[in-house]
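Novice: Under my numbering, think of the first position of the sequence shown as 18, with each following residue one higher. Ideal placement from N, C-alpha and C gives every residue a C-beta, glycine not left out. Starting off with a structure, shown below.
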Amino acid sequence: MKTSSRAEQTEGVVLVLILVTVGLAAGAASFTHVHDWTMANSPKGTPDWFGWANAVISELIPVAALLEIRKRRRAGKGLKYPLALLIAAACLSLSAQLAVAKPGLSGAVLSAVPALAFMGLVKLVFAGTATPAQASEKAPAD
Numbered sequence: 018m019k020t021s022s023r024a025e026q027t028e029g030v031v032l033v034l035i036l037v038t039v040g041l042a043a044g045a046a047s048f049t050h051v052h053d054w055t056m057a058n059s060p061k062g063t064p065d066w067f068g069w070a071n072a073v074i075s076e077l078i079p080v081a082a083l084l085e086i087r088k089r090r091r092a093g094k095g096l097k098y099p100l101a102l103l104i105a106a107a108c109l110s111l112s113a114q115l116a117v118a119k120p121g122l123s124g125a126v127l128s129a130v131p132a133l134a135f136m137g138l139v140k141l142v143f144a145g146t147a148t149p150a151q152a153s154e155k156a157p158a159d
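So this is what it looks like as structure tokens:
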């Protein structure tokens, strides 16, 4: 078993700090966009908590779908439903970002950044690294 070098440990800590910081910022922006979109399109008198509940639900479904995809891959089960859920939730999130954007390309791009960053970070975290067994299976034979 190989131990991590000090440099690898430092890189790991820095990566976690970056992921947490960007994740919190992107998550907050995405949640706010979904909340604002929900409330702008809800009947008068809709309580504010409804917008936040909708934001939490729609923004965390892709995370749950990715976890389910990983679980089903390990078990050798089908991926159609969690993949469809992931795509639908990602489209909903991006729709909310674009719905609150200012008109024009720059508004759309700037509004989409939080959702895209959050999705990218989730994928980065859940992609992980190969275990020693997986790495040796993929290594070419001499």
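(1) By a C-beta neighbour count over all protein chains shown, 10 Å radius and 16 as the cutoff for buried, is residue 20 buried or exposed?
(2) Could you tell me whether the region 105-117 touches the region 36-50, where touching means 3 or more Cβ pairs closer than 8 Å?
(3) Identify the continuous alpha helix (DSSP H) that holds residue 94 and give its terminal residues.
(4) Quick check: what's the CA-CA separation for residue 104 versus residue 27?
(5) Along the chain, where does the alpha helix (DSSP H) containing residue 62 start, and where does it finish?
Specialist: According to the structure data:
(1) With a threshold of 16 other beta carbon atoms within 10 Å, residue 20 falls short and is exposed.
(2) Touching, yes, given that three or more Cβ pairs across the two stretches are closer than 8 Å.
(3) For residue 94, there is no enclosing alpha helix (DSSP H), as DSSP marks it with neither H nor E.
(4) Taking the CA atoms as reference points, residue 104 sits about 35 Å from residue 27.
(5) Counted as a single uninterrupted DSSP element, the stretch harbouring residue 62 is not any alpha helix (DSSP H), since DSSP gives it neither H nor E.
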